[in-house]
Amino acid sequence: MPGAAILIDPPFGPSLVRTRVGAVQIPMTDAPPPVALARDPDLGALVARVARFQDRAAFGALFAYFAPRLKSYLLRVGAEDGVAEEILQEVMITVWRRADLFDPALAGVTTWVFTIARNKRIDRLRRETKPSWDPHDPALVPEAEPPADDLVAAEQTRRRLVAAIDQLPEEQVALLKLAYYGDKSHGEIAAETRLPLGTVKSRIRLALARLRAALADGRDGSWE
Amino acid sequence: MSGHHPTEEMLLDHAAGALSRAESVIVATHMALCPTCRRLGLDLDAVGGALLDLAGAAPVRSRCEEILARVDADPPPTPVKAGRWDHETIHLIPQPLRGYLDGDVGGLAWRSINGALAEASLGLTDERRRASLMRIRAGGAMPRHTHGGTEMVLVLAGGFSDETGHYRRGDLALADGSMSHRPVADSDADCLCFAVVEGGLRLPGLVGRLLNLVYRG
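Chains H and L, in that order, give the protein sequences. Counting along the first sequence from 1, when you hit position 180 you're at 180 in my numbering, and nothing is skipped either side. With the second sequence counted from 1, adding 1000 to any position gets you my numbering.
Below, the structure written as C-alpha cells:
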C-alpha cells in the first residue's frame, strides 16, 4: 500500500472531533531509504523515520542538527557545561522515545524540541514537569477549525518565522532572547538592560506582533 | 469561547518557562479551555523553536552512540496511569489542574469560609501564592476583599460578576493587590473557581478579620 499514512492514534476523549492527529506521510517499504544528510535537513521526515523505523541514521542526523544548538541554548540559560551535556542527552533520549507522538498539527520539529528542552531545564530547577495542557484531554475545548497537520506546512511556518526574526531590528531580537533564554520577567530585563519597563514591553510586543503576523497567514487570532 | 484572557506577558512567560508553578498551572488550564490562547501559546513556542534554530553551535562532548546505547539499556518509563478521577472531575477540571487534585472534586477537603463560600486548598500553594478551589453558592457573594498581590481566578463552572465584569467557564479574571471587589455568583448555578492569589485574600473590617483567621486556617 504505497503512500499509506501511519496513523498515530492516541486515546481521544469524546469531545475531540478530529479523527487523525499526527499522521505522518512516508512511504511504506521494508527497509528505510538512505538518509540524505544536508546542511538544512528535512527535520520532519527525520522524526518520521525515527518513529516509523527506529532509524538510527535519521536519529544521528537529528542529533547532528540539534545537539550543538541545544548546548548553545542551555549554556545561555546559565547551565554549567556538564549539566548542559546531561540535559541535552535527556532531550535527545526523549526525541527518540516520543518520536511517534510528534504532532505536526501542534508544532514544527524545532518547536517540539525547544519545548522538550525547556521542560527538561525546568525539571532540573524545580524537580518537576512544567505544567502543560494535554491535547487529548476530554475537558479540552476543541478549536473550531483544526489546523492543517502536514509536515510541509510546519516546515514552511518554521522558515517564515526564522526569516521574520532575521528582519527584526537587532534590539528587538536581543530582548526576545533575554525573555526566552534568560528566564527573566519583563521587569528583570528592564533592570538588566537599563531600559524603561515600558520600552521593554513595547519592543517585545512589537517583535511578537511582527512574528505572529508572519505566522498567522490566514489564521485567526489576535492578542487581546 | 471565553472572553477574559491572560496578558500577552503571562503567555510569553509561560512559553519561556519563567512563571511559578501555580501561575503556570492556571495559565495552562485556561489554555485547555481557550483555543485562542492555546494557539497564541503554540506560536510563542514556535518563536522559542526558531530562536533555537538560530542559536549558534556550541561544542558538544556527548556522542550520539552514547545516547543510543542508553536508550537500548533503559526500558522506556511506563506511561502514567489514567482514569483515577470520576466522570464529573474529568469533564469539569482540565489538565494540568486535574493532576494537582488530591481526589475527585466532590471529595476534596472543603472548608466553609462563610455561608456562601467554601475553599479547598491545593498542594500548588507556595511561599508567595495561595492556590485553591473556591465554590460560591448560586446567588451568593464572597466578602469584599483585596489581595496581597496579583489575583488570578479561572472560572471552571457557573459564573460570577464583580465591579470589573461577568466571568464564565474558561474566563481568567485578573486583579492587582489594590483592587477591592465583591464577586457575586450567578443565580442559576454554583460557581467553581481555581484561584491563585499572591499573598492570599485580605478581608477588611471586623467580620473580615475573623474570616481571615478561618481562611488562613
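Even glycine gets a Cβ: it sits at the ideal position worked out from N, Cα and C.
Query, Result
"Counted within 10 angstroms of its Cβ, other Cβ atoms place Asp-166(H) as buried (16 or more) or exposed", "exposed"
"Beta-carbon gap between Leu-178(H) and Val-1047(L) smaller than 9 Å", "no"
"Proximal residues to Glu-1119(L) (C-beta, below 6 Å), its chain only, five neighbours per side dropped", "Arg-1111, Ile-1113, Ser-1132 and Met-1134"
"Any C-beta of chain H under 9 Å from that of His-1166(L)", "no"
"Under 8 Å (Cβ pairs) to chain H, residues found in the stretch 1018 to 1038 of chain L", "Ala-1018, Arg-1021, Ser-1024, Val-1025, Ala-1028, Thr-1029, Met-1031, Ala-1032, Leu-1033, Cys-1034, Pro-1035, Thr-1036 and Arg-1038"
"Bridge partner(s) assigned by DSSP for Ser-202(H)", "Paired residue(s): none; Ser-202(H) is not in a bridge."
"Beta-carbon separation (whole angstroms), Arg-1223(L) vs Val-1197(L), contact threshold 8 Å", "In the structure as shown, chain L begins at 1001 and stops at 1217. Residue 1223(L) is therefore absent and cannot be evaluated."
"Straight-line gap, Met-92(H) to Pro-169(H) (C-alpha atoms, nearest Å)", "33 Å"
"Cα-Cα separation between Ala-105(H) and Arg-160(H), rounded to whole angstroms", "16 Å"
"Coarse secondary structure for Arg-76(H), derived from DSSP in three states", "helix"
"Nearest-angstrom Cβ-Cβ length linking Ser-1020(L) and Asp-1126(L), presumed shorter than 8 Å", "7 Å"
"Chain L within 9 Å of Arg-205(H), Cβ atoms only", "yes"
"For Arg-1038(L) and Trp-133(H), believed in contact at Cβ under 8 Å, the rounded distance", "7 Å"
"Chain L residues whose Cβ lies nearer than 8 Å to that of Ala-51(H)", "Those within 8 Å of Ala-51(H) in chain L number zero; the least Cβ separation is about 14 Å."
"Neighbour list for Ser-1178(L) in chain H, Cβ cutoff strictly below 9 Å", "Result: empty, since nearest Cβ-Cβ is about 18 Å, beyond 9 Å."
"DSSP-derived helix/strand/coil call for His-1030(L)", "helix"
"CB contact flag (Phe-63(H), Ile-1067(L), <9 Å)", "yes"
"Environment of Ala-156(H) [buried if 16+ CB atoms lie within 10 Å]", "The sequence as given places Gln at residue 156(H); Ala does not occur at that position. It counts as exposed."
"Classification of Pro-135(H) by the beta-carbon crowding that lies within 10 angstroms, buried from 16 upward", "buried"
"Cutoff 9 Å: Gly-1049(L) Cβ touching any chain H Cβ", "yes"
"Cβ contact (3+ pairs, closer than 8 Å) linking the stretch 1150 to 1164 of chain L and the stretch 1180 to 1196 of chain L", "yes"
"Bounding residues of the alpha helix (DSSP H) (the contiguous stretch that carries Ile-1136(L))", "Here Ile-1136(L) belongs to no alpha helix (DSSP H); instead the beta strand (DSSP E) covers 1129 to 1136."
"Min CB distance Ala-58(H) to chain L below 9 Å", "no"
"Ser-944(L) classed as buried or exposed, judged by whether at least 16 other C-beta atoms fall within 10 angstroms", "In the structure displayed, chain L extends from 1001 to 1217; residue 944(L) sits before or after that span and is not available."
"Burial state of Pro-1077(L) (16 or more Cβ within 10 Å)", "exposed"
"For Met-1152(L), three-class secondary structure by DSSP", "strand"
"Arg-1063(L) burial status per 10 Å Cβ neighbour count (16 or more: buried)", "exposed"
"C-beta neighbour in chain L for Val-47(H), strict 9 Å", "no"
"9 Å Cβ cutoff, Arg-1070(L) in contact with chain H", "yes"
"Where Gly-108(H) meets chain L, residues with beta-carbon distance less than 7 Å", "Ala-1046 and Gly-1049"
"For Ala-190(H) and Gly-60(H), the rounded distance between their alpha carbons", "41 Å"
"Nearest-angstrom Cα separation, counted from Leu-1174(L) out to Gly-1115(L)", "25 Å"
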